[in-house]
Each structure stands twice: as C-alpha cells, then as structure tokens.
Amino acid sequence: MVDQIQIQNETVVLTTDEGVTIERPAADFAEMFRRELLPPLNGTALVDGTKFVEWRDPFLLMVHQLPWQVRSLQWIANDSPAEFGPETTYRRVRLSLPYAITFAVFFCRNDQLHLTDANEFYFRNGPLTSKDDRLGYPGLLNISRIPGPTREKAWICTQYLKRAPGMSWTQQLTMLLDHTWNGGFNKSSEHHEGDSWYKLSADVHPELHPVEAWEAATTKNEAYGVSVDWKEAPLSVGELIDSILEEQRSGPYAQQGRRRSVTKSSGIVGRFMNFAQKCAGKATAAKAKKILKPKKPVSAQT
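In our numbering, each number is its position in the sequence shown, counted from 1, plus 139.
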C-alpha cells in the first residue's frame, strides 16, 4: 500500500503505507501550504522602503531601498589616533548618495525571525523596479569586500549589533539600517577583511576621493551621487537574492532555523501528517488546559 490523500467533501483523509489514517478539515490542507509559502511576519507591516520579500523556509530575505539623498555621516578624521575601534575620532561629512539597497537576511526559529550576519549593501543610481535591475558596489567605508567562489560580496559587519531577546523582525531591520548609517565610518574593513568598497572605488570618479573632494562635489551638485558610475556588481537583484539564499542553505543558520521536523523533501503526505499531528496536539493541549483551569472560589452566601 502506498501513501494516499483523498479529499471527501470538506474532509482530507490521509492514509499512510503503514495503514495509519488521519482525518482533518480540508481547511488544514490549505493552511499547511499557506504556512509554507508565506513568511512568518506575525501580523506586522513591512518596513517603509521594502522593495522585495523572498521567503525560502527557514530563510527570509528583505530587499530595502533608501532614496538618493544628501546625508551627514560620521567619517574618520584625518588626524584620528586609531583607524578603528574605541580610540577612533571622527568628523562630520556631508555627502550626496545614490539609492542605497540593503539585503537583510533572517532565519526563522520557533516561528520567530532572527537577523543573521549575512547582510549586504549596494548602490544604485535609480529606484528598483524589477529583479532584473543591476546594482553597483557601494563606495563607503565599513562595507567590506568579501571574495567568494562565484562573486564578491559587499558585506555589512554586525559584530557589535546587539539584538535584544524578543525583538521583532521590523525592529531588527530598523536597527541594521541605523547601524549602517549612524555608526562611525572608519577603516575596520581594511584591517579585518582586507578592503572596503570605498578604497576599491577610488578610480570610479575623480571627485570621489579623498572624501573632501566628495564633499566639494556635493556642494556644487546635491545630485552628484546618482551621476557616479559605480563599480558594477556582476549579478542582478534577482540573481543576488538567489545566490545569498543558496549560500545560506549550507551555512550555520540552516540547522538553527528549521521550522518543521519534516522537510519539504518528505513529500506532501509526510508534510501533511506532521502538520495534522501538530494541529491535533495543540487542540488537545488547549482542551486540557481549559479543563484543568482552576475554578474561581464561590463566595459565601449570607
């Protein structure tokens, strides 16, 4: 006997090759697929600026966009006693920036989303309109060049990004964006990863380096940032999404983030059996909790 699923009126009847039969409402069958296909956002709205959402259980990738703007940044001072770390001193620089594209990667554990350390950052001279759009490497300090077998990443270091327990995914994404822009831009990437994309962008435009030239170009033209021919990343937005998520499948978060003890490779029967058993278990637990709930004492009557 082989595993079978039959839909009879509004009931799904599942029979396994061992002869076990489970009956569940047909709505449960649809709910299983819904949970597999939709990310566990837990009723929260998307953060303003989110352009694409890609869910591949247990990973969620958010592509976030900030419009081009002139921004005041905390940049390492020319006479700083240290190039990174707590002794670094900074000064404010006013720079024209293009569209800023952040790829934020989360993994799901126990139906809660947790930010990973696999987040990346890119520039673009126009707004995102399609997954076929191309990206540029960001000419900023603290965005590290990480070489890989198929591509070079523009990686955001989040070593000192502290995520409090219970923090929602929207709070974590907002914290990542704040960390990227409002931390000090120093030479940590040059020391720890070898290069920053600011250093590697020195030849893309004569007014980009040193940063004083970038400031002067901004004063002359506040839209300067969208006129620079940034170094082109080899992958489109869609290709980069696929690449990042494929890399995560064999990474350290893959086992931490399993939502189900039965994976999609188990087939529809195995997945639905697991889902149905969980639903039945929750219903039994809820019923038992209701039965065992202590009754309020009855006050004495006079």
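Glycine residues also receive a C-beta, built at the ideal position from the N, C-alpha and C atoms.
- Nearest neighbour of P206 by Cα position, chosen from I240, F223, P197, turns out to be I240.
- In the DSSP assignment, A352 falls within the alpha helix (DSSP H) that extends over 350-359.
- Here L185 is exposed, its C-beta having fewer than 16 other C-beta atoms within 10 Å.
- In this structure the region 200-219 touches the region 319-332; the number of beta carbon pairs closer than 8 Å is three or more.
- For H253, the enclosing beta strand (DSSP E) covers residues 251-254.
- Linking Y229 to W353 through their CA atoms gives a straight-line distance of about 17 Å.
- Counted as a single uninterrupted DSSP element, the stretch harbouring L274 is not any alpha helix (DSSP H) but the beta strand (DSSP E) occupying residues 273-275.
- Residue state for H318 is assigned as helix, using DSSP reduced to three classes.
- The Cβ atoms of S335 and N281 lie closer than 8 Å to each other.
- Here R163 has V151, A415 as same chain residues with Cβ atoms under 6 Å from its own Cβ, once five neighbours each way along the sequence are excluded.
- Between F242 and I383, the C-beta gap is smaller than 8 Å, which places the two residues in contact.
- Around the Cβ of V141, a 10 Å sphere holds fewer than 16 other Cβ atoms; the residue is exposed.
- Contact annotation: the region 303-319 does not touch the region 344-360, with fewer than three C-beta pairs closer than 8 Å.
- CA-CA distance, L200 to E361, rounds to 32 Å.
- Y261 is classed as buried because its beta carbon has at least 16 other beta carbons within 10 Å across all chains shown.
- Comparing C-alpha distances from Q251 to each of L180, I380, E371 shows the shortest one belongs to L180.
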